[in-house]
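Accompanying notes for the structure given below.
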Amino acid sequence: MDADVPVVGAGAAGIAAARRLRARGRSCLVLEAGSRVGGRAWTDAAGLDLGASWLHVAEVNPLTALARELGFTLHDDGRRRRDLLLAEGGRPATAADRAALEAAGDAWEAAVAARAAQREKQGGPDIPLGEAPPRGGRWDATVDHWFGAIINGIESRRSSLIDYVATVLDGQNLQVKEGIGTLLTRLAEGLPIRLGTRVRRLSAGITADTETGCVQGRAAIVTLGTGVLPALAFDPPLPAAVTQAIAGLPLAPVLKVALRAAGQERFRLPPFARLGRMVEGPDDRPCSWMLWPFGRPWAVAYLGGSLAESLPDAVSAEAAARAELARYFGAAAVARAFPDPATVAHWPADPLFRGSYSYARVGAAGARAVLAEAAPMGGRLRFAGEACHTRYAGTVGGAWESGEAAAEAIHVALG
Ligand SMILES: Cc1cc2nc3c(=O)[nH]c(=O)nc-3n(C[C@H](O)[C@H](O)[C@H](O)COP(=O)(O)OP(=O)(O)OC[C@H]3O[C@@H](n4cnc5c(N)ncnc54)[C@H](O)[C@@H]3O)c2cc1C
Numbered sequence: 001m002d003a004d005v006p007v008v009g010a011g012a013a014g015i016a017a018a019r020r021l022r023a024r025g026r027s028c029l030v031l032e033a034g035s036r037v038g039g040r041a042w043t044d045a046a047g048l049d050l051g052a053s054w055l056h057v058a059e060v061n062p063l064t065a066l067a068r069e070l071g072f073t074l075h076d077d078g079r080r081r082r083d084l085l086l087a088e089g090g091r092p093a094t095a096a097d098r099a100a101l102e103a104a105g106d107a108w109e110a111a112v113a114a115r116a117a118q119r120e121k122q123g124g125p126d127i128p129l130g131e132a133p134p135r136g137g138r139w140d141a142t143v144d145h146w147f148g149a150i151i152n153g154i155e156s157r158r159s160s161l162i163d164y165v166a167t168v169l170d171g172q173n174l175q176v177k178e179g180i181g182t183l184l185t186r187l188a189e190g191l192p193i194r195l196g197t198r199v200r201r202l203s204a205g206i207t208a209d210t211e212t213g214c215v216q217g218r219a220a221i222v223t224l225g226t227g228v229l230p231a232l233a234f235d236p237p238l239p240a241a242v243t244q245a246i247a248g249l250p251l252a253p254v255l256k257v258a259l260r261a262a263g264q265e266r267f268r269l270p271p272f273a274r275l276g277r278m279v280e281g282p283d284d285r286p287c288s289w290m291l292w293p294f295g296r297p298w299a300v301a302y303l304g305g306s307l308a309e310s311l312p313d314a315v316s317a318e319a320a321a322r323a324e325l326a327r328y329f330g331a332a333a334v335a336r337a338f339p340d341p342a343t344v345a346h347w348p349a350d351p352l353f354r355g356s357y358s359y360a361r362v363g364a365a366g367a368r369a370v371l372a373e374a375a376p377m378g379g380r381l382r383f384a385g386e387a388c389h390t391r392y393a394g395t396v397g398g399a400w401e402s403g404e405a406a407a408e409a410i411h412v413a414l415g
């Protein structure tokens, strides 16, 4: 026996599960395929968060208190939506444009909530999120792109209305100066973690087959994202309901491109400036920008949905981001300000993730609960991770809570 509980994956869920197991007096061994801990929370050497960068719903997020205890610096810029800088034809937006966009955003949210409430009252099938909001108004496509492809990571027509409403995020959003990846690295200190250990198969018993040998335990927690979970073999195979739940929760294709300003050019924008522009036509798919976080010289692009899907590699992603930034400042100024190659976090292309965070396909709104409650192998196997959280799916805090819940369930199962 190597440990009571092998934990597969050292992202937020795996770290939380391991900490909780140890607190309950159970031995564990975290098996991580990559060369670092943190998973989709990754702070690079320059201090940039290339995956998660906000502690969402910070009031109840368990990581907020942990960050404060460890003395991390938390920042709230107080804004919910992006600044709008460009309207029709790329002209600078006016105060009236901003007010109209804000009103269209409120109308979008109200229509989605009303449609979901109506469906709950009257029953009926799940529908695409994109069928609920208003259409045809001047700002409707822009708002829908923002809530869909940018925030949710996937166009609204491709995701479930019921799941969207059940997991929608509100409350305070905090950024961590030292990085969320750094926070998770600190929280993983002292845990038994084997890096560079990819698990290929999990068998009842419990045996985890890795490229460097077998790990034996009494129960297991699997925290892989749903982009790569189908590649893990289970013996006996998982119940059909569980494989269906995994298939119903794909990862959205969000990627980040970070450009570093070499000189002092800041385009007269303050720290944490957010750029956005009007969507002009059905094929227009803007990315969203955060500039100068914590006063640092970075311009960070968020690319999601079908735009991200159309960019197979770092080169094409950087080119798309530069072209987009050129709409605001001109190509020559962008080339001058950012002469160096970008840092690109291409999550969809990364074989350990294959995407960013989960959304539910239309009709798969119940999948998160199925995955969270699944207890195959006689209750000795549990799943954890952001996709398993029925309220805070897609977030680091949700992944953390789900890891703790899985650890509690396994603790009980072991008697
Ligand atoms: C671009 C981007 C922006 C985001 N922004 C935010 C944000 O602002 N706020 C927020 O809360 N969330 C955000 N998220 C989502 C958040 O990062 C995730 O929800 C969360 O980190 C998921 O944690 P997890 O433990 O469920 O999974 P993961 O972090 O994916 O952990 C799973 C681990 O398993 C490992 N692994 C994979 N295959 C194997 C294998 N076969 N054997 C062993 N190990 C394996 C992986 O390397 C990984 O470390 C963002 C994500 C991305 C990509």
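Quick note: the sequence shown, position 16, residue 16 per UniProt numbering, numbers continuous.
For each residue, glycine too, the CB sits at the ideal point set by N, CA and C.
Quick caveat, the model's predicted, so the values are computed rather than measured.
- Distances between the C-beta of phenylalanine 147 and the heavy atoms of ligand 1 are all 7 Å or more.
- Closest by C-alpha distance to alanine 375, out of Pro237, Thr167 and Ala258, is Pro237.
- Annotation for phenylalanine 234: the continuous beta strand (DSSP E) segment containing it runs 233-235.
- Under the criterion of beta carbons closer than 8 Å, glycine 304 and isoleucine 150 qualify as touching, at roughly 5 Å.
- Judged by pairs of C-beta atoms under 8 Å, the region 55-62 does not touch the region 219-235, as fewer than three such pairs exist.
- Relative to the Cα of glutamate 211, the nearest Cα in the group Ser203, Gly196 and Ile221 belongs to Gly196.
- Taking C-beta separations shorter than 6 Å and ignoring five residues to either side along the sequence, the partners of alanine 409 in its chain run Arg382, following chain order.
- Beta-bridge partners assigned by DSSP to aspartate 97: none are found.
- Secondary-structure assignment with DSSP links cysteine 28 through a beta bridge to Val5.
- Alanine 204 sits close to methionine 377, with the two beta carbons spaced by under 8 Å.
- Secondary structure note for isoleucine 206: it is in no alpha helix (DSSP H), with a DSSP letter that is neither H nor E.
- If you check the C-beta of glutamate 59 against ligand 1, you find no heavy atom less than 7 Å away.
- Ranking Gly213, Arg260, Leu255 and Arg200 by CA distance to the CA of alanine 231 puts Arg200 first.
- Annotated three-state conformation of phenylalanine 294 is helix, per DSSP.
- Counting along the chain, valine 215 sits inside the beta strand (DSSP E) bounded by residues 213-216.
- In the structure shown, proline 348 adopts helical secondary structure according to DSSP, grouped into three states.
- Within the DSSP bridge table, the entry for isoleucine 221 names Val7 and Arg382 as partners.
- In the DSSP secondary-structure assignment, isoleucine 193 is bridged to Val30.
- The DSSP-derived three-state label of valine 176 is strand.
- Burial is judged here by how many other beta carbons sit within 10 angstroms of a residue's own beta carbon; lysine 121 has fewer than 16 and is exposed.
- Of the other Cβ atoms in all chains shown, 16 or more fall within 10 Å of the Cβ of aspartate 144; this residue is therefore buried.
- When the Cα atoms are used, glycine 295 and glycine 217 turn out to be separated by approximately 48 Å.
- Taking a contact as a CB-CB distance under 8 Å, the pair tryptophan 292 and arginine 274 does not count as one, their CB atoms being some 10 Å apart.
- Judged by beta-carbon spacing, glycine 403 lies within the 8 Å limit of alanine 16, meaning their Cβ atoms are closer than that value.
- Valine 300 has Ala258 and Met290 as its beta-bridge partners, per DSSP.
- By the C-beta density criterion, valine 315 is exposed, having fewer than 16 other C-beta atoms within 10 angstroms.
- With a contact defined as Cβ atoms closer than 8 Å, arginine 40 and serine 358 miss out at about 11 Å.
- A direct Cα-Cα distance of roughly 35 Å separates arginine 138 from threonine 343.
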